[in-house]
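Numbering (my numbering), first residue to last: 10 to 283.
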């Protein structure tokens, strides 16, 4: 009797786990060439990041071509993964499965990363997802907000409409990833300088100077080129910064915004670019 009861409990627990997994993990994805969307994303990721073997560029290119053939049909599955919030219950299920059954399941970060890579492969084909990604920039989960920002950045200048929704992420002082992902997105979109440049200057000589995001802010300014001329005085102040990486970031930004000013700075300090 005891054995039957124990077996029944185990069965109920396993059914509960299956139910939780059904709820917690996104549904399937479209296929191309006999492989699923996620298989192509994994192939691209491993070729670009996980391997340095000869021929990996061709493997990555094949995966990107496949994903672009899937095109906008990939967006529902990608968005499902971006929407995946942190869940203590889900994390407990993952932990118990690993401890008791030796089963390793993907984490929220892993699933978000694959969605991020998927959008990076689609690039401008991700345009139809812009409204949904803009909504996710207001999600209560900071990882969802950050991943949505990264995905918008991959879409590029076509995602300019999202800039007003990206800017509030720069104010999340206690969530550095949101700030960094929003800065990356602004760099890739590089539009609406009248809105973005003042926000970036807050990290150089404004109220957010002590947050230590000057270097990524300089990299964003660099992407704006001559549209960022109003930032030149603030950038020049960093040419004498104590940290070498900030000096170099300032010089490279200045060279893209005002080449003459960069040349004068190099003439005055020949070792500035060392």
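Heads up, the beta-carbon is just placed ideally off N, CA and C, and yes, glycines get one too.
Keep in mind that this is a model prediction, so the values were computed, not measured.
Where residue 268 and residue 206 are concerned, what is the direct C-alpha to C-alpha distance, given to the nearest angstrom?
Your numbering for residue 268 matches position 259 in the chain shown. Your numbering for residue 206 matches position 197 in the chain shown. Taking the straight line from one Cα to the other gives about 19 Å.
Is it true that the CB of residue 72 sits closer than 7 Å to the CB of residue 49?
By 1-based counting over the chain shown, the position of residue 49 is 40. By 1-based counting over the chain shown, the position of residue 72 is 63. Yes; because the gap between Cβ atoms is below 7 Å, this pair is in contact.
Tell whether a beta-carbon distance below 7 Å holds between residue 197 and residue 234.
Against the chain shown, residue 197 aligns to sequence position 188. Against the chain shown, residue 234 aligns to sequence position 225. Going by C-beta atoms, residue 197 is not nearer than 7 Å to residue 234.
Can you name the residues that DSSP bridges to residue 45?
Numbered from its first residue, the chain shown carries residue 45 at position 36. Answer by DSSP bridge pairing, in chain order: 40.
Pick out whichever of 191, 40, 89, 216 has its Cα sitting closest to the Cα of residue 74.
Here residue 74 corresponds to residue number 65 of the chain shown, with the count starting at 1. The residue with the shortest Cα to Cα distance from residue 74 is 40.
Would you kindly work out how many angstroms separate the C-alpha atoms of residue 203 and residue 169, rounded to a whole number?
Translated into positions along the chain shown, residue 203 becomes position 194. Translated into positions along the chain shown, residue 169 becomes position 160. Going by the C-alpha atoms only, they are around 12 Å apart.
Excluding the 5 residues preceding and the 5 following residue 137 in the sequence, name in chain order all residues of the same chain whose CB lies nearer than 7 Å to its CB.
For the purposes of this step, residue 137 is taken as the residue at position 128 of the chain shown. Hits under 7 Å: 81, 84.
Is the separation between the beta-carbon of residue 210 and that of residue 262 shorter than 7 Å?
In the chain shown, the residue the question calls residue 210 occupies position 201. In the chain shown, the residue the question calls residue 262 occupies position 253. No, these two residues do not count as a Cβ contact at 7 Å.
When the Cα atoms are used, what is the spatial distance from residue 8 to residue 208?
With the chain running from 10 to 283 in the structure shown, residue 8 is simply not present.
According to the neighbour-count rule (16 or more other Cβ atoms, all chains shown, within 10 Å of its Cβ), is residue 58 buried or exposed?
Position 49 of the chain shown, counted from the start, is the residue given in the question as residue 58. Result: exposed.
Tell me whether residue 233 sits in a helix, a strand or coil according to DSSP, three-state version.
Here residue 233 refers to the residue found at position 224 when the chain shown is read from its first residue. Three-state result, residue 233: helix.
Given residue 125, which residues of its chain have a CB within under 7 Å of its CB, disregarding the five upstream and five downstream residues?
Looking up residue 125 in the chain shown gives position 116. Counting only Cβ-Cβ distances below 7 Å, and skipping sequence neighbours, we find 156, 159, 160.
Fully enclosed by the stretch 149–178, which alpha helix (DSSP H) runs are 4 residues long or longer?
DSSP runs (the alpha helix (DSSP H)) wholly in the stretch 149–178: 151–164, 172–175.
Exposed or buried, which one is residue 254 when buried takes at least 16 other CB atoms within 10 Å?
Here residue 254 refers to the residue found at position 245 of the chain shown. Exposed.
If you follow the alpha helix (DSSP H) that residue 204 is in, where does it begin and where does it stop?
The count along the chain shown starts at 1 and reaches residue 204 at position 195. It spans 202–214 - the alpha helix (DSSP H) in which residue 204 sits, taken as one unbroken run.
When the Cα atoms are used, what is the spatial distance from residue 27 to residue 128?
The count along the chain shown starts at 1 and reaches residue 27 at position 18. The count along the chain shown starts at 1 and reaches residue 128 at position 119. Residue placement at residue 27 is flagged as unreliable, the pLDDT there being 48, under the threshold of 50; the coordinate-derived value follows with that caveat. Approximately 29 Å between the Cα atoms of the pair.
Which stretch, first to last residue, makes up the alpha helix (DSSP H) that contains residue 117?
Sequence index remark: in the chain shown, residue 117 carries index 108 (1-based). Residues 117–131.
Locate the alpha helix (DSSP H) running through residue 89, then write down its first and last residues.
Counted from its first residue, the chain shown places residue 89 at position 80. Residues 84–91.
Just the C-alpha distance for residue 146 and residue 56, rounded to the nearest angstrom, thanks.
In the chain shown, counting from the first residue as 1, residue 146 sits at position 137. In the chain shown, counting from the first residue as 1, residue 56 sits at position 47. Residue 146 and residue 56: Cα-Cα distance of roughly 30 Å.
Using only the alpha-carbon positions, how far apart do residue 271 and residue 232 sit?
Taking the chain shown and counting its residues from 1, one reaches residue 271 at position 262. Taking the chain shown and counting its residues from 1, one reaches residue 232 at position 223. The straight-line gap from Cα to Cα measures roughly 15 Å.
Going by the beta-carbon positions, is the gap between residue 181 and residue 174 smaller than 7 Å?
Taking the first residue of the chain shown as 1, we reach residue 181 at position 172. Taking the first residue of the chain shown as 1, we reach residue 174 at position 165. Contact flag unset, no.
Measure how close the beta-carbons of residue 266 and residue 241 come, nearest whole angstrom, since I'm counting them as under 8 Å.
Start at 1 with the first residue of the chain shown, and residue 266 comes out as number 257. Start at 1 with the first residue of the chain shown, and residue 241 comes out as number 232. At roughly 6 Å, the Cβ-Cβ gap stays under 8 Å, so residue 266 and residue 241 are in contact.
How many Å lie between residue 220 and residue 212 at the Cα?
Counting from one through the chain shown, the residue named residue 220 turns up at place 211. Counting from one through the chain shown, the residue named residue 212 turns up at place 203. Cα-Cα distance, rounded: 7 Å.
From residue 134 to residue 167, what distance separates their C-alpha atoms?
Along the chain shown, one-based indexing puts residue 134 at 125. Along the chain shown, one-based indexing puts residue 167 at 158. Going from the Cα of residue 134 to the Cα of residue 167 covers about 10 Å.
To which residues of the same chain is residue 111 closer than 6 Å at the C-beta, ignoring the five residues directly before and after it?
Numbered from its first residue, the chain shown carries residue 111 at position 102. Excluding sequence neighbours, residue 111 sits near nothing in its chain.
Rounding to the nearest angstrom, what Cα-Cα distance links residue 258 and residue 150 in this structure?
Locating residue 258 in the chain shown gives position 249, where the first residue counts as 1. Locating residue 150 in the chain shown gives position 141, where the first residue counts as 1. Going by the C-alpha atoms only, they are around 31 Å apart.
Could you tell me which of 190, 222, 279 sits nearest to residue 121, measuring between CA atoms?
Against the chain shown, residue 121 aligns to sequence position 112. The shortest Cα separation from residue 121 among 190, 222, 279 belongs to 190.
Would you kindly report the start and end of the unbroken alpha helix (DSSP H) that includes residue 185?
Your numbering for residue 185 matches position 176 in the chain shown. Residue 185 -> alpha helix (DSSP H) spans 185–198.
Out of 64, 42, 214, 224, state which residue places its alpha-carbon closest to the alpha-carbon of residue 192.
Against the chain shown, residue 192 aligns to sequence position 183. It is 224 whose Cα lies nearest to the Cα of residue 192.
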